[in-house]
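Engineer: Read in order, the letters of the first sequence are residues 211 to 709 in the numbering used here.
The structure follows.
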Amino acid sequence: MTAYTSIGRLAERAGETVCLRGWLFGRRSGGRVIFLLVRDGTGVCQCVVEAASASAFAAAVKLPHECSLRVRGEVRLDDRAAGGVEVAAETVELIQGQEEYPISRKAHGIDFLLNHRHLWLRSPRQCAILKIRHTLIREIRRFFDDRGFTLIDTPILTPGAAEGAGSLFPVEYFGEEVYLAQTGQLYLESAAMALGKVYCFGPTFRAEKSKTRRHLTEFWMVEPEIAFAELPDLMALAEEMICLLVSAVLEGHAQDLVLLERDTAPLRKIVPPFPRLTYTQAVDLLHSREMKDKVEGDIGRACASLQENMLKLSALEAELPQAGKKWKQDKLTGEIQYVRETVREQEAFIEQSRERLKGAADFRWGSDLGGDEETLLCRYFDKPVIVTEYPREAKAFYMKRSPTDPRTVLNLDVLAPEGYGEIIGGSQREDDLDELMRRMKDEKMDPAPYEWYLDLRRYGSVPHGGYGLGIERTLAWICGLKHIREAIPFPRLMGRIYP
RNA sequence: UCCGGCGUAGCUCAAUGGUAGAGCGGGUGGCUGUUAACCACUAGGUUGCAGGUUCGAGCCCUGCCGCCGGAGCCA
211 MTAYTSIGRL AERAGETVCL RGWLFGRRSG GRVIFLLVRD GTGVCQCVVE AASASAFAAA
271 VKLPHECSLR VRGEVRLDDR AAGGVEVAAE TVELIQGQEE YPISRKAHGI DFLLNHRHLW
331 LRSPRQCAIL KIRHTLIREI RRFFDDRGFT LIDTPILTPG AAEGAGSLFP VEYFGEEVYL
391 AQTGQLYLES AAMALGKVYC FGPTFRAEKS KTRRHLTEFW MVEPEIAFAE LPDLMALAEE
451 MICLLVSAVL EGHAQDLVLL ERDTAPLRKI VPPFPRLTYT QAVDLLHSRE MKDKVEGDIG
511 RACASLQENM LKLSALEAEL PQAGKKWKQD KLTGEIQYVR ETVREQEAFI EQSRERLKGA
571 ADFRWGSDLG GDEETLLCRY FDKPVIVTEY PREAKAFYMK RSPTDPRTVL NLDVLAPEGY
631 GEIIGGSQRE DDLDELMRRM KDEKMDPAPY EWYLDLRRYG SVPHGGYGLG IERTLAWICG
691 LKHIREAIPF PRLMGRIYP
């Protein structure tokens with residue numbers, strides 16, 4: 211049986227003859243020599259095929275991109291190869307692949323890429339994101355496991371709405387209409403009364419018709435729920451968890467973050483303590499002089515940068531007719547397109563910021579913080595912001611009423627910095643039976659399906675609470691992704707279910 | 001659901017109402033070390049669909065379809 215070497219460990223085998231297997235990532239030729247770039251999931255290796263090895267050369271000439279292949283040859287250290295290691299191929303063998311590969315290494319539109327998501331995953335960028343996602347999930351589980359939490363798998367098929375209805379996917383269940391779960395929380399509360407500290411980790415489904423860079427219809431969420439925990443405990447836990455996750459990614463994925471062109475400076479600032487505001491303080495901040503100055507400062511900087519880019523654009527456009535070679539023209543038009551897109555984004559940012567500022571001045575105590583308000587708040591600070599004690603009307607029935615301000619509930623939202631917005635939502639739960647039933651009545655809810663939930667307040671009720679962290683939003687923030695759809699292997703979006 | 005934008009070659013995009021083009025990718029040939037290699041040649045089109053205005057429509061108008069961005073809602 212042939213022993214194969216993984217590309218990631220090639221450097222250890224310098225001077226030896228090895229066998230590789232993988233996929234053809236790229237090819238260049240230089241007359242009497244062909245360079246094959248082979249990837250296998252652990253790295254990319256340049257394989258050099260010289261005309262002297264006639265059969266290998268003949269095979270290498272006609273390999274299409276992304277075909278699967280085997281290569282045997284000697285490992286050489288050579289600075290001319292990216293990574294410093296290459297294989298001098300003696301044999302090249304096609305495993306499978308004759309057709310032209312649909313995705314080229316040049317630019318593609320997002321619709322095309324999403325329709326080819328099953329192949330798009332092979333790109334270095336997508337692999338980097340998937341690897342960081344893996345680390346994020348592993349570290350989340352480790353975080354809770356290390357602190358004595360028990361993993362509880364909550365059901366995906368559920369009889370009714372836990373939060374506001376209208377955002378649930380109905381499923382036919384033996385003639386009855388049931389729903390895909392949009393949270394495991396109510397079930398977790400019951401498990402917390404059994405085990406103390408519990409969490410669930412699974413997919414959740416929201417049928418909201420949202421078409422934004424922050425929304426998926428199917429996403430993954432981790433939800434801790436803790437008996438005897440009160441709001442300050444939840445804030446401390448969320449803060450500790452976020453700091454740990456960010457540092458784990460910084461430590462373990464420096465190369466991947468470089469590949470993603472993620473500026474890590476903002477991530478290094480993610481250390482305790484996070485700013486904490488009550489909703490009321492947040493509303494005051496939105497109305498404040500400081501907020502206005504901050505946003506106007508941001509707008510000013512964006513305008514200056516916009517101006518620079520406009521100058522750059524006209525310089526490039528003037529240069530274009532003088533570029534002799536065709537490939538030079540191509541390179542220039544590529545740059546021009548890039549700058550044009552940046553300019554469009556900056557113009558949109560400036561206009562949006564102005565509108566947001568206007569909206570902030572008009573914002574009234576009582577409504578929920580919308581996307582614009584969140585964006586202003588999380589741009590104001592360079593760390594995640596914890597906002598607590600929202601108006602009762604804007605929040606779910608199970609959240610505990612504040613003893614100091616009955617207009618509000620003991621909830622928390624954590625807003626990620628750099629405009630990424632809400633990544634955590636949670637609360638201390640209402641543990642008083644009468645208060646909970648009164649609240650359900652106010653909301654015109656039928657208590658019958660919730661009898662089991664009310665039982666938790668009848669038999670040894672204690673203060674408790676928890677929160678939910680959205681995996682994809684957290685990953686999008688840490689990786690600096692422009693859109694949440696890259697943060698999950700196969701995104702489910704409104705109007706998109708293929709592949 | 002509402003508001004805005006887009007739809008041209010396999011892909012990314014050009015084209016005053018007047019002969020549909022480029023780059024990439026594919027194919028053929030050339031080059032002994034390439035780094036998204038390069039050079040030459042070549043194939044590739046019902047301009048999303050259906051109507052309308054016009055001597056003439058990729059471009060203007062109406063409807064439909066698809067996609068993108070945003071709002072509401074949320075993690």
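Just so you know, even glycine gets a beta-carbon here, dropped at the ideal spot from N, CA and C.
Apart from the five residues just before and just after Thr427, which ones in its own chain have a Cβ nearer than 7 Å to its Cβ?
Structural biologist: Start at 1 with the first residue of the first sequence, and residue 427 comes out as number 217. Phe415, Arg416, Ala417, Arg702, Leu703 and Met704, listed in sequence order.
Engineer: Between which two residues does the beta strand (DSSP E) carrying Met431 extend?
Structural biologist: Taking the first residue of the first sequence as position 1, residue 431 is located at position 221. First-last of the beta strand (DSSP E) with Met431: Glu428 to Ala437.
Engineer: So Ala270 packs on Val259, CB below 8 Å; how close in whole Å?
Structural biologist: For the purposes of this step, residue 270 is identified with residue 60 of the first sequence, where counting begins at 1. For the purposes of this step, residue 259 is identified with residue 49 of the first sequence, where counting begins at 1. Indeed, because the Cβ distance is near 4 Å, the residues count as touching under 8 Å.
Engineer: Comparing C-alpha positions only, which one of Ala262, Glu303 and Ala261 sits nearest to Trp233?
Structural biologist: Here residue 233 refers to the residue found at position 23 when the first sequence is read from its first residue. The candidate whose alpha carbon is nearest that of Trp233 is Glu303.
Engineer: Is the Cβ-Cβ distance between Asn621 and Gly631 less than 9 Å?
Structural biologist: Against the first sequence, residue 621 aligns to sequence position 411. Against the first sequence, residue 631 aligns to sequence position 421. No.
Engineer: When you compare the CB positions of Arg611 and Glu640, do they come within less than 9 Å of one another, or not?
Structural biologist: Numbered from its first residue, the first sequence carries residue 611 at position 401. Numbered from its first residue, the first sequence carries residue 640 at position 430. In contact: Arg611 and Glu640 (Cβ atoms closer than 9 Å).
Engineer: In whole angstroms, what separates the C-alpha of Arg352 from that of Tyr397?
Structural biologist: Taking the first sequence and counting its residues from 1, the one referred to as residue 352 is at position 142. Taking the first sequence and counting its residues from 1, the one referred to as residue 397 is at position 187. If you take the alpha carbons of Arg352 and Tyr397, they lie about 22 Å apart.
Engineer: What residue range is occupied by the uninterrupted beta strand (DSSP E) comprising Pro413?
Structural biologist: As a first step, residue 413 must be located in the first sequence, where it is residue number 203. Note, Pro413: beta strand (DSSP E), Lys407 to Phe415.
Engineer: Please say whether Leu587 and Ile560 have beta carbons closer to each other than 9 Å?
Structural biologist: The sequence position of residue 560 within the first sequence is 350, counting from 1. The sequence position of residue 587 within the first sequence is 377, counting from 1. No, the Cβ-Cβ distance between Ile560 and Leu587 is not below 9 Å.
Engineer: Which residue or residues does DSSP assign as beta-bridge partners of Asn621?
Structural biologist: Position 411 of the first sequence, counting from 1, holds the residue named residue 621. In DSSP, Asn621 forms a bridge with Ser637.
Engineer: Along the chain, where does the beta strand (DSSP E) containing Trp233 start, and where does it finish?
Structural biologist: Residue numbering aside, residue 233 sits at position 23 when the first sequence is read from its first letter. Looking at the DSSP string, the run of the beta strand (DSSP E) that includes Trp233 is Thr227 to Ser239.
Engineer: Can you name the start and end residues of the alpha helix (DSSP H) that Ser265 belongs to?
Structural biologist: Mapped onto the first sequence, residue 265 falls at position 55. That run of the alpha helix (DSSP H) goes Ala264 to Val271.
Engineer: Have a look at Arg566, Gly581, Glu518 and Ser577 and flag the residue whose alpha-carbon is nearest the alpha-carbon of Val553.
Structural biologist: As a working note, residue 553 is residue 343 in the first sequence. Taking only the C-alpha atoms, the option nearest Val553 is Glu518.
Engineer: Alpha carbon to alpha carbon, how far is Ser314 from Ser457?
Structural biologist: For the purposes of this step, residue 314 is taken as the residue at position 104 of the first sequence. For the purposes of this step, residue 457 is taken as the residue at position 247 of the first sequence. Each residue's Cα considered, the two are about 34 Å apart.
Engineer: Look at the alpha carbon of Gly534 and the alpha carbon of Ala525, and state the distance between them as a whole number of angstroms.
Structural biologist: Residue 534 sits at position 324 when you count from the first residue of the first sequence. Residue 525 sits at position 315 when you count from the first residue of the first sequence. Annotation note: pLDDT 48 at Gly534 (below 50); position unreliable, coordinate value reported separately. In a straight line, the C-alpha of Gly534 is about 16 Å away from that of Ala525.
Engineer: Would you please state the rounded distance, in angstroms, between the beta carbons of Gly676 and Pro434? I believe it to be under 8 Å.
Structural biologist: Position 466 of the first sequence, counted from the first residue, corresponds to residue 676. Position 224 of the first sequence, counted from the first residue, corresponds to residue 434. Indeed, because the Cβ distance is near 5 Å, the residues count as touching under 8 Å.
Engineer: Opposite Gln256 in the DSSP bridges: which residues?
Structural biologist: Stepping through the first sequence from its first residue, residue 256 is reached at position 46. According to DSSP, which records beta bridges pairwise, Gln256 is partnered with Leu247 and Glu296.
Engineer: So what does DSSP say about Gly534, is it helix, strand or coil?
Structural biologist: Working through the first sequence from its first residue, we reach residue 534 at position 324. Confidence at Gly534 is low in this model, with a pLDDT of 48, below 50, so its placement is unreliable and no value can be given for it.
Engineer: According to the neighbour-count rule (16 or more other Cβ atoms, all chains shown, within 10 Å of its Cβ), is Ser711 buried or exposed?
Structural biologist: Residue 711 is absent from the model: the chain starts at 211 and stops at 709.
Engineer: Would you say the stretch 351 to 365 touches the stretch 463 to 479, given that touching needs at least three Cβ pairs under 8 Å?
Structural biologist: The stretch 351 to 365, when compared against the stretch 463 to 479, does not touch it at the 8 Å Cβ threshold.
Engineer: Count the other C-beta atoms from every protein chain shown that fall within 10 angstroms of the C-beta of Arg574, then say buried if there are 16 or more, exposed otherwise.
Structural biologist: On the first sequence, position 364 is the one that residue 574 refers to. Its Cβ having fewer than 16 others within 10 Å, Arg574 is exposed.
Engineer: Just to confirm my understanding: we take Ala292, look at its own chain, exclude 5 residues before and 5 after, and list those with CB closer than 6 Å. What are they?
Structural biologist: Along the first sequence, one-based indexing puts residue 292 at 82. Here the set comprises nothing.
Engineer: Where do the N-terminal and C-terminal ends of the alpha helix (DSSP H) with Leu340 fall, by residue?
Structural biologist: Translated into the one-based positions of the first sequence, residue 340 becomes position 130. Per DSSP, Leu340 belongs to the alpha helix (DSSP H) from Pro334 to Asp356.
Engineer: Helix or strand or just coil, what does DSSP make of Gln392?
Structural biologist: Sequence index remark: in the first sequence, residue 392 carries index 182 (1-based). Coil.
Engineer: In three-state DSSP terms, what is Glu565?
Structural biologist: Position 355 of the first sequence, counted from the start, is the residue given in the question as residue 565. Three-state DSSP puts Glu565 in a helix.
Engineer: Looking only at C-alpha atoms, which of Arg238, Tyr311 and Asn325 sits nearest to Ile707?
Structural biologist: Walking along the first sequence from the start, residue 707 turns up at place 497. Nearest C-alpha to Ile707: Asn325.
Engineer: Helix, strand or coil for Thr474, going by three-state DSSP, please let me know.
Structural biologist: Locating residue 474 in the first sequence gives position 264, where the first residue counts as 1. Of the three classes helix, strand and coil, the one that applies to Thr474 here is coil, per DSSP.
Engineer: For the alpha helix (DSSP H) holding Arg286, just list the boundary residues, first then last.
Structural biologist: Position 76 of the first sequence, counted from the start, is the residue given in the question as residue 286. Not the alpha helix (DSSP H): Arg286 falls in the beta strand (DSSP E), residues Ser278 to Leu287.
Engineer: Helix, strand or coil for Arg602 per DSSP?
Structural biologist: Working through the first sequence from its first residue, we reach residue 602 at position 392. Residue state, collapsed to three classes: helix.
Engineer: Tell me whether the stretch 476 to 487 and the stretch 647 to 661 touch, counting them as touching only if at least three CB pairs, one residue from each stretch, are closer than 8 Å.
Structural biologist: Output reads no: the stretch 647 to 661 does not touch the stretch 476 to 487.
Engineer: By the DSSP assignment, the beta strand (DSSP E) with Glu382 in it spans what residues?
Structural biologist: Here residue 382 is taken as the residue at index 172 of the first sequence, counted from 1. Unbroken beta strand (DSSP E) run through Glu382: Pro380 to Tyr383.
Engineer: Helix, strand or coil: which one does DSSP assign to Ser515?
Structural biologist: For the purposes of this step, residue 515 is taken as the residue at position 305 of the first sequence. Note: Ser515 maps to helix in three-state DSSP.
Engineer: Are the beta-carbon atoms of Leu625 and Pro601 separated by less than 9 Å?
Structural biologist: Looking up residue 625 in the first sequence gives position 415. Looking up residue 601 in the first sequence gives position 391. For Leu625 and Pro601, no; Cβs fall outside 9 Å.
Engineer: Could you say which of Thr345, Val228, Tyr660 and Phe384 lies nearest to Ala298 if we only look at CA atoms?
Structural biologist: Within the first sequence, residue 298 is the residue found at index 88, counting from 1. That would be Val228, whose Cα lies nearest to the Cα of Ala298.
Engineer: Rounded to the nearest angstrom, what separates Asp355 and Ile688 at their Cα positions?
Structural biologist: Sequence index remark: in the first sequence, residue 355 carries index 145 (1-based). Sequence index remark: in the first sequence, residue 688 carries index 478 (1-based). Their backbone Cα atoms lie some 22 Å apart in a straight line.
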